[in-house]
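Be aware that the sequence shown starts at 30, since it is given in our numbering, and climbs by one per residue. Read the structure below first, then the notes.
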Amino acid sequence: MNATEKASETTQNVTPEAPEQEAPLVSQDEIDALIRKRVYGAMALGLAPVAVLDLVGLFAIQVELVNALAKKYDVPFSKDRAKNLIGSLLGSALPVALGPAVFSLLKAIPLIGMTAGAATMTIMGGASTYAMGRVFNRHFATGGNLIDMDAVKVKESFRSYYNEGKQYVKGLRKKPAETAEATQTEDAASAQSAS
30 MNATEKASET
40 TQNVTPEAPE
50 QEAPLVSQDE
60 IDALIRKRVY
70 GAMALGLAPV
80 AVLDLVGLFA
90 IQVELVNALA
100 KKYDVPFSKD
110 RAKNLIGSLL
120 GSALPVALGP
130 AVFSLLKAIP
140 LIGMTAGAAT
150 MTIMGGASTY
160 AMGRVFNRHF
170 ATGGNLIDMD
180 AVKVKESFRS
190 YYNEGKQYVK
200 GLRKKPAETA
210 EATQTEDAAS
220 AQSAS
């Protein structure tokens with residue numbers, strides 16, 4: 030057998046490798062909208078007048094967020110595993126985790142407590158939901174799933190996203206006022222040009 034025949038025989042016996050499974054392409058706009066919707070929900074829960082009810086609702090929103098992200102990336106979802114990861118993430122970032130609980134309980138103090146607790150819970154609940162969404166999104170986007178996620182390894186990312194989330198939430202809180210102001214300015218300009 031000559032060299033050409035050997036090379037031909039070798040290439041015929043090679044089976045093509047299965048392509049590595051990659052996460053489906055998901056647009057950043059879709060992810061941003063998905064996270065923003067849950068952040069708004071978490072912020073609204075911060076206004077709940079009953080102490081601890083907001084924490085239960087916040088946890089439920091975050092589990093649902095992980096489920097929605099898992100669907101976007103075709104990642105199998107386990108509610109129990111998601112709850113464990115969310116609890117571990119919040120627990121590994123203890124100061125972040127204690128904040129909402131303390132401010133939720135603050136609502137039990139008559140008069141002052143509700144105002145202070147609600148104002149703080151809207152920011153903290155929204156920021157932790159934002160951080161949760163970003164951490165899980167990054168993990169799923171790189172081909173990860175709920176089984177191989179290690180909450181301890183991503184705790185620094187969670188803290189960083191939490192701080193980013195506080196600014197994000199403050200920006201969301203300003204947007205309705207800015208939108209109203211912009212509309213008034215546009216209305217005034219339209220009225221001026223009409224006259």
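Yeah, the Cβ is synthetic: ideal placement off N, Cα and C, and Gly gets one too. All values derive from a computational prediction rather than experimental measurement.
- In the three-state scheme derived from DSSP, where H, G and I count as helix and E and B as strand, I176 is classed as coil.
- G154 carries a helical assignment under DSSP once its states are collapsed to helix, strand and coil.
- The beta-carbon distance between D83 and L74, rounded to whole angstroms, is 5 Å. This is short enough to meet the 8 Å contact definition.
- For the set E193, L175 and L98, the Cα lying nearest the Cα of Y159 is the one of E193.
- Taking the Cα of L175 as reference, the smallest distance to any Cα among K199, E185, G155 and N96 is reached at N96.
- Comparing C-alpha distances from L118 to each of M153, K182 and L87 shows the shortest one belongs to K182.
- In the structure shown, the three-state DSSP call for K182 is coil.
- The alpha-carbon of K101 is positioned some 20 Å away from that of F88.
- Per DSSP, A71 is one residue of the alpha helix (DSSP H) stretching across Q57 to L74.
- If you compare the alpha carbons of G200, F165 and K184 with that of L63, the shortest gap goes to F165.
- At the C-beta level, F169 and L54 stay beyond 9 Å of one another.
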